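Asks:
In the numbering used here, the protein residues as written are -16 to 513.
Below is the structure:
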């Protein structure tokens, strides 16, 4: 309920608005939106019990008793009509209006979406509390006409502002041009190979700002796997058209993305070292699980650490990187000199005496565990991909963004195209506003940390605690939604955003739905039940 100081004499309107929630036949501006547009902090809402409201309708300003002649709700807004024995009558509404729409209904719809929530969950909360709420149809209409367009316009303006920091005007000499390193990764809306959407995000490495994302629907491609390549191509083309000079792109080993960058010799393509190491760990762990090769197990952590180390110390030389990688096979076999190499001819560690090596479980060359390691380490594809690890790069910050994105677009929830795109835009706005937060400090001005047990490493680690997030973009969006409704430009429920195209349909089924009754009659479970 709106925080108002009520007295029946202050409300003398004879409004007859008893219909279902009016979703947008507006007559233009109204005094109700002024506080919110101006960002007035006094514009607040409270939960008020029905009986407490009734207590305010006992006595008229003339001293005569009041009678409530009618009361009804329009979504979350309560309307009370009253009359006293001296025939003083009026109407009280629990919320101001924006045009002809209850402000609380509009702002609640906006808050649900902008905070990354869903109507279904919020409705469950309201039903449990017996709190009055509008229908899902109303929410979808408001989202379609006011919320998603507001998000889209603000996202475009913020993206333009972000790109300006990295854009080249075209008049600079080659050595003066800003060149960026991008971190890229795709994210499907469902696990497995049956996704409907794939979003591809490109992040600038130093600032960790998302420069662009592209949303692809499976109906635009031949398969779910092909969506990532298409999204990457679109995002790459967009940034280059915007004057962004790209020096390096870091991705996972997606072959479709690799095929695109193989044609672009002007861009240095690096692989995400974390996922590369994770793939090797999985293969080694699988081999070490066999009894004859169990001695390989204790070496896995060393092998993975070695991969990270050589990527960091190869100085961008792919030949040196490969020689260091293959030297690991001999080191594990207690051989530390490699005269056949052209650069890395011996191990970098000090000379090992017999006393130093007695407790080490060396793997004899030709033994089952060593042969299993040899087969993995010398795989032709792996050796070829090593040349993309010379930059010591990873896409961990993009993974962090994708983890946060689940708040706005959880994989268990289905969204139509504009809804999914709007939620992705919200996630980008959230990320870019909060990506450079400072680490929180204690009262003694020491950096705050917390201890947590890592399921991956099986040990306790510390995590940095950061300052609380800010959501200034939400405040702007809330005010913009009120402004849009107050203008009376669009009737609520009208589709404002442009049609995404013929390849974007709500239903991605490859064939038309047949007769419903025929489908029911022909359906049978494996248990013989219809």
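Backbone N, C-alpha and C define an ideal beta-carbon position, used for all residues, glycine too.
Keep in mind it's a predicted model, so treat the numbers as computed, not measured.
Quick one: using the 10 Å Cβ neighbour count with 16 as the cut-off for buried, is residue 444 buried or exposed?
Replies: Numbered from 1 along the chain shown, position 461 holds the residue referred to as residue 444. Counting Cβ neighbours within 10 Å, residue 444 comes out exposed, since fewer than 16 surround it.
Asks: Under DSSP, the alpha helix (DSSP H) around residue 539 begins and ends at which residues?
Replies: No information on residue 539 is available, as it lies outside the stretch -16 to 513 that the chain covers here.
Asks: Is the distance from the Cβ of residue 396 to the Cβ of residue 134 below 8 Å?
Replies: Against the chain shown, residue 396 aligns to sequence position 413. Against the chain shown, residue 134 aligns to sequence position 151. No; because the gap between Cβ atoms is not below 8 Å, this pair is not in contact.
Asks: Bridge partners for residue 163 per DSSP, in chain order?
Replies: The sequence position of residue 163 within the chain shown is 180, counting from 1. Beta-bridge pairing links residue 163 to 229.
Asks: May I have the straight-line CA-CA distance separating residue 497 from residue 505, to the nearest angstrom?
Replies: Here residue 497 corresponds to residue number 514 of the chain shown, with the count starting at 1. Here residue 505 corresponds to residue number 522 of the chain shown, with the count starting at 1. In a straight line, the C-alpha of residue 497 is about 11 Å away from that of residue 505.
Asks: Look up residue 84 in the DSSP assignment and say whether it is helix, strand or coil.
Replies: Here the question's residue 84 lines up with position 101 in the chain shown. Note: residue 84 maps to strand in three-state DSSP.
Asks: Taking its Cβ as the centre, do 16 or more other Cβ atoms sit within 10 Å of residue 478, making it buried, or is it exposed?
Replies: Counting from 1 along the chain shown, the entry for residue 478 is found at position 495. By the neighbour-count rule (16 or more Cβ atoms within 10 Å), residue 478 is not buried but exposed.
Asks: Counting along the chain, where does the alpha helix (DSSP H) carrying residue 33 start and finish?
Replies: By one-based count along the chain shown, residue 33 stands at place 50. Per DSSP, residue 33 belongs to the alpha helix (DSSP H) from 33 to 37.
Asks: Keeping to the same chain, check which residues put their C-beta closer than 8 Å to that of residue 216; ignore five residues upstream and five downstream.
Replies: Start at 1 with the first residue of the chain shown, and residue 216 comes out as number 233. 243.
Asks: Using only the alpha-carbon positions, how far apart do residue 250 and residue 171 sit?
Replies: As a working note, residue 250 is residue 267 in the chain shown. As a working note, residue 171 is residue 188 in the chain shown. C-alpha separation (whole angstroms): 26 Å.
Asks: DSSP three-state call for residue 138: helix, strand or coil?
Replies: The residue you call residue 138 lines up with position 155 of the chain shown. Helix, per DSSP.
Asks: Flag this pair as yes or no: are the beta carbons of residue 254 and residue 368 separated by less than 8 Å?
Replies: In the chain shown, counting from the first residue as 1, residue 254 sits at position 271. In the chain shown, counting from the first residue as 1, residue 368 sits at position 385. Yes. Within cutoff.
Asks: Given a cut-off of 8 Å, decide if residue 456 and residue 137 are closer than it, judged by their beta-carbon atoms.
Replies: Within the chain shown, numbered from 1, the residue matching residue 137 stands at position 154. Within the chain shown, numbered from 1, the residue matching residue 456 stands at position 473. Yes, Cβ-Cβ distance for residue 137 and residue 456 is below 8 Å.
Asks: May I ask you to report which of helix, strand or coil DSSP gives residue 415?
Replies: On the chain shown, position 432 is the one that residue 415 refers to. Residue state, collapsed to three classes: helix.
Asks: Closest by CA to residue 40, which one among 29, 57, 349, 76?
Replies: Indexing the chain shown from 1 puts residue 40 at position 57. Among 29, 57, 349, 76, the Cα nearest to that of residue 40 belongs to 76.
Asks: Compare the Cα-Cα distances from residue 325 to each of 345, 310, 142, 410 and report the closest residue.
Replies: In the chain shown, counting from the first residue as 1, residue 325 sits at position 342. For the residues 345, 310, 142, 410, the minimum Cα distance to residue 325 belongs to 310.
Asks: Using the C-alpha atoms, what's the distance from residue 317 back to residue 339?
Replies: Working through the chain shown from its first residue, we reach residue 339 at position 356. Working through the chain shown from its first residue, we reach residue 317 at position 334. Each residue's alpha carbon lies about 11 Å from the other.
Asks: Report yes if the C-beta distance between residue 468 and residue 84 is below 8 Å; otherwise report no.
Replies: Start at 1 with the first residue of the chain shown, and residue 468 comes out as number 485. Start at 1 with the first residue of the chain shown, and residue 84 comes out as number 101. Cβ atoms of residue 468 and residue 84: closer than 8 Å.
Asks: DSSP three-state label for residue 71, please.
Replies: By one-based count along the chain shown, residue 71 stands at place 88. Coil.
Asks: Would the beta-carbon of residue 128 fall within 8 Å of that of residue 476?
Replies: By 1-based counting over the chain shown, the position of residue 128 is 145. By 1-based counting over the chain shown, the position of residue 476 is 493. Cβ distance < 8 Å, so residue 128 and residue 476 count as in contact.
Asks: Could you give the distance in angstroms between the alpha-carbon of residue 435 and the alpha-carbon of residue 446?
Replies: Walking along the chain shown from the start, residue 435 turns up at place 452. Walking along the chain shown from the start, residue 446 turns up at place 463. Roughly 7 Å separates the two Cα atoms.
Asks: Rounding to the nearest angstrom, what Cα-Cα distance links residue 189 and residue 163 in this structure?
Replies: On the chain shown, position 206 is the one that residue 189 refers to. On the chain shown, position 180 is the one that residue 163 refers to. Cα to Cα, the separation comes out at about 9 Å.
Asks: Identify, in the order they occur along the chain, each residue of the same chain with its Cβ nearer than 6 Å to the Cβ of residue 529, setting aside the five sequence neighbours on each side.
Replies: Since the displayed the chain opens at -16 and closes at 513, residue 529 lies outside it and no answer follows.
Asks: Tell me the DSSP bridge mates of residue 48?
Replies: Locating residue 48 in the chain shown gives position 65, counting from the first residue. DSSP lists 42 as partners of residue 48.
Asks: Can you say whether residue 32 is buried or exposed, counting buried as having 16 or more other CB atoms within 10 angstroms of its CB?
Replies: Sequence index remark: in the chain shown, residue 32 carries index 49 (1-based). With fewer than 16 Cβ atoms within 10 Å of its Cβ, residue 32 is classed as exposed.
Asks: Reducing DSSP to helix, strand and coil, say where residue 62 ends up.
Replies: Against the chain shown, residue 62 aligns to sequence position 79. Strand.
Asks: Under three-state DSSP, which class holds residue 318?
Replies: Mapped onto the chain shown, residue 318 falls at position 335. If DSSP states are grouped into helix, strand and coil, residue 318 belongs with coil.
Asks: Hey, would you say residue 257 sits closer than 8 Å to residue 236, going by beta carbons?
Replies: As a position in the chain shown, residue 257 is number 274, starting the count at 1. As a position in the chain shown, residue 236 is number 253, starting the count at 1. Contact flag unset, no.
Asks: I need the straight-line Cα distance from residue 71 to residue 423, nearest angstrom please.
Replies: For the purposes of this step, residue 71 is identified with residue 88 of the chain shown, where counting begins at 1. For the purposes of this step, residue 423 is identified with residue 440 of the chain shown, where counting begins at 1. Taking the straight line joining both Cα atoms gives about 59 Å.
Asks: Using the C-alpha atoms, what's the distance from residue 125 back to residue 9?
Replies: As a working mapping, residue 9 is identified with position 26 in the chain shown. As a working mapping, residue 125 is identified with position 142 in the chain shown. Residue placement at residue 9 cannot be trusted, given a pLDDT of 42 that sits under 50; the coordinates are not used to answer.
Asks: Note down, one range per segment and in chain order, each beta strand (DSSP E) of at least 3 residues found wholly within the region 396 to 440.
Replies: DSSP runs (the beta strand (DSSP E)) wholly in the region 396 to 440: 432 to 437.
Asks: Could you tell me the alpha carbon to alpha carbon distance between residue 279 and residue 148, rounded to whole angstroms?
Replies: For the purposes of this step, residue 279 is taken as the residue at position 296 of the chain shown. For the purposes of this step, residue 148 is taken as the residue at position 165 of the chain shown. Using only the alpha carbons, I get a separation of about 49 Å.
Asks: For residue 179, count neighbouring Cβ atoms within 10 angstroms of its own Cβ and tell me buried if that reaches 16, exposed if not.
Replies: On the chain shown, residue 179 is found 196 positions in, with the first residue counted as 1. So residue 179 counts as buried.
Asks: DSSP three-state label for residue 290, please.
Replies: Looking up residue 290 in the chain shown gives position 307. Helix, per DSSP.
Asks: Among the candidates 283, 49, 466, whose CA atom is the shortest distance from the CA of residue 345?
Replies: Residue 345 sits at position 362 when you count from the first residue of the chain shown. Residue 345 has its Cα closest to that of 283, out of 283, 49, 466.
Asks: Smallest Cα separation from residue 448: which of 275, 266, 419?
Replies: Here residue 448 refers to the residue found at position 465 when the chain shown is read from its first residue. It is 419 whose Cα lies nearest to the Cα of residue 448.
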